[in-house]
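Here is the structure we will look at.
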Amino acid sequence: MRRKMGSLLLVMIFLLSACGNNHSEPAFWDYQRGFMRGWGNMIMETPDGYYFLEGKGIFGEYLVFMDDELKESSIVCSKPECLHENESDGNKENCDAYFFEAKAMNYYDGKIYVLADGRVPDLVSKDAIYELEIDGSNRKQVYLGDGSINTACIHQGNMILYESKYIEGKKNPTVSITKFPVKQPSSVEVLYETSNYEEVTINWLECYQNYCYFILDSFDPDNTSTHGIMINLDTNEVKDLCDIAEHSFSSFVVGKDCLYISDKLEENVEKQTWKRQYYECSLDGEKKRVLTEDDFEALARGAGIIKADDQYVYLQDISYGGNAAPIEEQKYYIYTYDGRLMGTISHKDFSMAAEFISGNDRYLFIREGEAYYKVDKSQLGDGKELVPELILE
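In mature numbering (1 follows the signal peptide of the UniProt record, and there is no 0), the protein residues as written are -24 to -1, 1 to 369.
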């Protein structure tokens, strides 16, 4: 029933979009910081509703649309006779909505862009960017990487990628941050590139205003290190943010007109315990001050800053290792920037793998496996515990 209903819903949305709507299109074209994680995203907002990637990576994912009220869902395929997830393995790739190992999706100027496996017939992994209409039609590959593309986001009219590849004759992989205009995928510009590490990954990338931030982890036996790096998109200047931390740089979160840098003060690897402190910094990486429980009370119980947007700062109790809070007490905390607790969400019914997605002004989301939950932000205000509602599974 969902397939028939969904096809009609998508046709209506496609027609309405062609005629214009009440939402501002360009507002959805930049980096969607409430939906993007540093390594990609499984939910995306558009002027007409939300798109989800649903499924398991080893079997592939399907692109699903939900209306603006998160009530109706439909598979994003324009082929009337397609059976979608019920197709045989050999026919799945004929479905507009099917992607293998999808990692991220973006919306720009009425079209959807999905990062997924390029499905090239060789042993070398090559990821690709696919473009399609909002109803799934006119799907085509617009960019094929030379290796792995771990994440892709659109910001200021450019597709910004983290790519990793091996070059013949070289021992170390080459990792890079590249960009190209969304409408001109052949005009690739390298913003950052290194082949100085034997084992390396960039596992977090985020764009905000005129900056691109990412974390580079080196796993070389003689050079294990974590680097927080900033690129000024106006000047292409590259800056390592590690000097902000007085002991050991751990992570960062991009907030409203600020950065939150985590400094690991000490660590016991055997017991999986550690102590850390947070600095509030300017967007260009200048340290301002140390954060304390006077800023966000949950810091006193060891909670960490996991996300921030233009509305709120989000913290979470530690859920693993020797520092973990008791399962029954583990929570997410939602604060205003002046430290007012707006609400909490219990984490006890979710695993460590659950993904917290701060969303937009209306909703935040939690993804657990193939299931998606929403929390209505209109309930925030007095610090009470909010209960997530299952919307997709």
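All C-beta atoms, glycine included, are put in the ideal place defined by N, C-alpha and C. Because the structure is a prediction, the values reported are computed rather than measured.
Less than 7 Å divides the Cβ of G335 from the Cβ of F341.
A contact between stretches requires three or more CB pairs, one per stretch, nearer than 8 Å, and the stretch 192 to 206 fails this requirement with the stretch 114 to 125.
Comparing alpha carbon positions, the residue from D122, R343, S140 and Y7 closest to E169 is S140. Excluding the 5 residues flanking it on each side, Y74 has same chain C-beta neighbours closer than 7 Å at G36, Y38 and K68, in chain order. Inter-residue distance for G14 and T150 is about 20 Å (C-alpha atoms, whole angstroms). Within the DSSP bridge table, the entry for Q8 names no partner. Only residues of its own chain outside the window of five on either side were considered, and among them I207 have a CB closer than 8 Å to the CB of E213, listed in chain order.
Judged by DSSP in its simplified three-state form, L217 adopts coil rather than helix or strand. For D210, the CB contacts under 6 Å within the same chain, skipping 5 residues up- and downstream, are N186 in chain order. By a beta-carbon distance limit of 8 Å, C129 contacts M12. Their separation comes to about 6 Å. In this structure, A80 sits near G16, with a CB-CB distance shorter than 7 Å. Inter-residue distance for A274 and A221 is about 21 Å (C-alpha atoms, whole angstroms).
For K240, the uninterrupted beta strand (DSSP E) segment begins and ends at C234 to N244.
For V52, there is no enclosing beta strand (DSSP E), since its DSSP letter is neither H nor E. In this structure, K324 is the residue among C188, C234, K324 and G204 with its C-alpha nearest to the C-alpha of E304. For R343, the CB contacts under 8 Å within the same chain, skipping 5 residues up- and downstream, are M18, I19, A330, E331, I333 and Y349 in chain order.
In summary, L267 is buried, with 16 or more beta-carbon neighbours lying within 10 Å of its beta-carbon over all protein chains present. With a contact defined as Cβ atoms closer than 8 Å, V52 and D24 miss out at about 12 Å.
N70 sits in a helix when the DSSP states are folded into three classes.
Looking from the CA of W5, the closest CA among Y296, C218 and N82 belongs to N82.
Fewer than three beta-carbon pairs drawn from the stretch 254 to 266 and the stretch 288 to 297 are found closer than 8 Å, and the two stretches are therefore not classed as touching.
Here G319 is buried. Its C-beta has 16 or more other C-beta atoms within 10 Å. Looking at the DSSP output, H131 bridges to N134. In terms of Cβ geometry, Y138 and I178 form a close pair [threshold 7 Å]. DSSP, reduced to helix, strand and coil, places S194 within a strand of the structure shown. Inside the stretch 327 to 352, DSSP marks whole beta strand (DSSP E) runs of 3 or more residues at positions 331 to 333, 339 to 344 and 347 to 352, from first to last along the chain. CA-to-CA, the gap between I310 and A301 works out to about 18 Å. Of the candidates V351, T200 and K251, V351 places its Cα closest to the Cα of L362.
Between Y89 and I105, the CB-CB gap stays under 7 Å. F190 is a Cβ neighbour of I205, given a cutoff of 7 Å.
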